[in-house]
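Scroll down for the structure; my scribbles are underneath it.
There are 2 protein chains.
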Amino acid sequence: MPDAPQLVVDLNAAVLAVTDDQPRLLTVAPGAYPGIGDDFRALPFGPFDLERDRTLERCIRETVTRQTGGSLGYVEQLYTFADKGRDPRELAGGRILSIAYLALVQESVLETAEDASWENCYDYFPWEDWRRGRPALIDEIEAALRDWLEGLPGADRVGRRERIDICFGLGDVGWDAYKVLERYELLYEAQLIAEYWIDRGQSPASAISAVLGKPMAFDHRRILATGLGRIRGKLRYRPVAFELLPETFTLLRLQQVVEALSGLQVHKQNFRRFVERSGLVEGTGQHEVSTGGRPAELFRFRRAVLRERRAPGVATLQPPRGP
Amino acid sequence: MPDAPQLVVDLNAAVLAVTDDQPRLLTVAPGAYPGIGDDFRALPFGPFDLERDRTLERCIRETVTRQTGGSLGYVEQLYTFADKGRDPRELAGGRILSIAYLALVQESVLETAEDASWENCYDYFPWEDWRRGRPALIDEIEAALRDWLEGLPGADRVGRRERIDICFGLGDVGWDAYKVLERYELLYEAQLIAEYWIDRGQSPASAISAVLGKPMAFDHRRILATGLGRIRGKLRYRPVAFELLPETFTLLRLQQVVEALSGLQVHKQNFRRFVERSGLVEGTGQHEVSTGGRPAELFRFRRAVLRERRAPGVATLQPPRGP
DNA sequence: GACACTTATACTCATAGTGAGCACAACTAG
DNA sequence: CTAGTTGTGCTCACTATGAGTATAAGTGTC
């Protein structure tokens, strides 16, 4: 190990799509690293090549194309991480600076190389999918977090109790779909996430880790959490859903995209009303001979809305109320 | 110059405050660099020290404290830039990776060292202050951008015309306070921003650059634009305004903070109604013997709102309507 | 002390947006 | 023809929002 630790600048991207009603993530095989098994998946990643790439965005586009064979449409920067000890590669010395991107594509459009595959997003965050109501897993999480609190010195409990309630919508607090990263980080801090142990070169100590979603290589699940949180927030005030749809689509498809990403169920009639009134879409007059049921009109995104509305998104996304 | 260009990881922070009714920025003297005159100011900045700092956030806190003598409260990451040619330091070879932060403080609380000073934000973006209505400068900008379009090949004009309208709220498009960075980047691309020429080792060619705000050192005005845009967006759904206020404050002070940051004027009575109903504040019963006029009640931030509202911010910020 | 001036605060009113449903239309499968 | 499925139109109560009028409670002037 050299005297001054080596800094590696690593770019990676959470590439999302929606197929049928599932949010999907593009993953690759991470290669051989200490603590990273064969069954772990990674986001497409690669080093920042400052001789080749004029900008970071170009670099991540090149990287994804080389690793997966597909090329990206919508791309936005997510976050830059450099926390010491959050990447098992650091166990061999050195320091990782990880610049993360979010990309949106149509799954069908992006071809994939052999090492690449699409996975369901909620395999990594089972507690984030509230489309069929409050997941039972939340109760297990609550119990595990309470246990964790008990084991802490009293001074350390201050604030953490409230953080738990706010993150997971416990007590009188409602569920906030946007707080994906806060929840993941809280679970990590509570040592319930498998990566906590992997980062330390150990095996998970608590049994619950096995049901808290599949682990990913490096700090990539944290990045996916950041990306999911970001797109849930952005859905409210930017027309991002259309990046995931073909030129024309039915309102049900659009609704499925919104539901898949937000993890919430939407009132169908009100969603229709909102989308049509908002000027976000325009009818094509064509109809899709549907999968059983009345044929649905095909709509297209109405670009002119960008000139008209200040925050063209799906403003109202409310979680299901309690009983 | 070495064979492989050297990568420098540089952290910097846009530290904002509001004094009276003006948004303020903490600046330092940039030091001696090619193209950077004595009158230019810079954001507090410094290299990422991977031996000292466990996280990027700690690094920026340390850096600001060392350069200005003050310590930060609220800090959030803004963006990571690495575009080739956007920093005059690169003229001497090498490549800058610039990780930018946004910080909010009370100006009165943050002491400043000799080299540091507070500047008015809108000195750098005069077109962003709509509190007294649409700035006349917008017309000059519109004319200059149209001139620029004329000089472009026809193919390059496609899309740019619409981008101009959307960015500056021309034609039937309304003003979107959030698009600070888009506007700055459009002006830069149109070669109207002084930094465009400084980055190329030249002097500004167009006379209008002199009235388009004060230039800053390096790419720091771009970062400030990012920060101002970010906080304007965040104002809508997070209670960030309170980071800039003391423990207790009058509703007018709160309104001034919101107006200063958003650059928009707010209807006083409706603002009161919103803030009181939202549960964001609670009265203290005490009153401030005001600066002329009826005494105003002192309020404090109601922390419990974080448990109650899903998006506790000043949701409605509309620009002035009309002709 | 009457007056103009300033800022704080209360209340009204028309309109638009939202959450929750009911009802019916138009297709498919058997 | 019937049950099942999905699409679409509409109602209704409630809340939020933009705009404005009116009044309260101080300050300073003459």
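So the protein lines, in turn, are chains E and H.
My numbering numbers the first residue of the first sequence as 894 and each following residue consecutively.
My numbering numbers the first residue of the second sequence as 894 and each following residue consecutively.
For each residue, glycine too, the CB sits at the ideal point set by N, CA and C.
May I ask you to list the residues that DSSP assigns as paired with Phe1142/H?
Phe1192/H
Check whether chain E comes within 7 Å of Thr948/H, counting only Cβ atoms and requiring the distance to be less than that.
yes
With Leu987/H and Val901/H assumed to form a contact (beta carbons below 8 Å), what rounded beta-carbon distance in angstroms separates them?
First, the residue type needs correcting, since residue 987/H is Gly and not Leu in the sequence shown. At roughly 6 Å, the Cβ-Cβ gap stays under 8 Å, so Gly987/H and Val901/H are in contact.
Take the Cβ of Gln899/E as the centre, count every other Cβ of all protein chains shown within 10 Å, and call the residue buried at 16 or more, exposed below.
exposed
According to DSSP, is Leu995/H helix, strand or coil?
strand
Where does Arg1024/H sit, in a helix, a strand or coil, going by DSSP?
coil
Pop quiz: Gly1156/E and Arg1050/E are said to be a contact at Cβ under 8 Å. What is the actual Cβ separation, rounded to whole angstroms?
That pair is no contact at about 29 Å.
Pick from Gly1067/E, Gly1094/E and Gly1106/E: whose alpha carbon is nearest that of Tyr1077/E?
Gly1106/E
Give the straight-line distance between the Cα atoms of Asp932/E and Ala1110/E, rounded to the nearest whole angstrom.
9 Å
Starting from Arg1125/E, follow the beta strand (DSSP E) in both directions and report where the run begins and ends.
Looking at the DSSP string, Arg1125/E is not in any beta strand (DSSP E); the run it does join, the alpha helix (DSSP H), is His1113 to Lys1127.
Please decide whether Ile992/E counts as near chain H, where near means a Cβ-Cβ distance under 7 Å.
yes
In angstroms with no decimal places, state the Cα-to-Cα distance between Cys1060/H and Gly1122/E.
26 Å
For Thr912/H, does the three-state DSSP call read helix, strand or coil?
strand
Between the Cα of Ala907/H and those of Asp1040/H, Gly1176/H, Asp942/H and Gly966/H, spot the shortest distance and give me the residue it belongs to.
Gly966/H
In chain H, which residues lie less than 7 Å from Glu1119/E when you measure between Cβ atoms?
First, the residue type needs correcting, since residue 1119/E is Thr and not Glu in the sequence shown. Result: empty, since nearest Cβ-Cβ is about 11 Å, beyond 7 Å.
Taking the alpha-carbon positions, what's the Met894/H to Ile1116/H distance?
Here the model assigns Met894/H a pLDDT of 41, short of 50, so the residue's position is not dependable, and the following value carries that caveat. Going by the C-alpha atoms only, they are around 28 Å apart.
Would you give the residue range spanned by the alpha helix (DSSP H) that Gly1047/E belongs to?
Gly1047 to Arg1050
When Ala1197/E, Gly1185/E, Arg1193/E and Leu1173/E are compared against Val1207/E, the one with the closest alpha-carbon
Leu1173/E
Assess contact between the stretch 1161-1176 of chain E and the stretch 1192-1200 of chain E, defined as three or more Cβ pairs (one per stretch) separated by less than 8 Å. Is contact present?
yes
Look at the Cβ atom of Glu1012/H, then the Cβ atom of Leu918/H, and state whether they are nearer than 7 Å.
yes
Can you give me the Cβ contacts of Val1133/E inside the same chain, cut-off strictly under 6 Å, excluding the 5 residues immediately before and after it?
Lys1127
Proximity test, Cβ basis, 7 Å: Pro1213/E and chain H
Any answer about Pro1213/E is weak, because its pLDDT of 49 lies below 50 and its placement is not dependable; what the coordinates show is given next. Not one chain H Cβ lies under 7 Å of Pro1213/E.
Would you decide whether Ala1070/H is buried or exposed? Buried here means 16 or more other CB atoms lie within 10 Å of its CB.
buried
Measuring only the C-alpha atoms, how far is Ala996/H from Ala1189/E?
49 Å
Mind pulling the chain E residues with CB within less than 7 Å of Leu1199/H?
Ile1059
Report yes if the C-beta distance between Ala1037/E and Tyr1130/E is below 7 Å; otherwise report no.
no
Are the beta-carbon atoms belonging to Val921/H and Pro937/H less than 7 Å from one another?
yes
Using a cut-off of 8 Å between C-beta atoms, extract the partners of Ala975/H located in chain E.
Phe941, Leu943, Thr948 and Leu949
Alpha carbon of Glu950/H to alpha carbon of Arg1166/H, nearest angstrom:
37 Å
Identify, in the order they occur along the chain, each residue of the same chain with its Cβ nearer than 6 Å to the Cβ of Arg1214/H, setting aside the five sequence neighbours on each side.
Bear in mind that the predicted position of Arg1214/H carries a pLDDT of just 43, short of 50, making it unreliable; the figure below should be weighed with that in mind. For Arg1214/H, where only same-chain residues beyond five positions count, there are no Cβ hits under 6 Å.
Distance check for Arg1056/H and Glu1035/H, CA to CA, integer angstroms please.
12 Å
Going along chain H, which residues have a C-beta under 7 Å from Gln970/E?
Tyr972 and Thr973
Excluding sequence positions up to five away, which residues of its chain have a Cβ less than 6 Å from the Cβ of Ala1006/E?
Thr961 and Gly962
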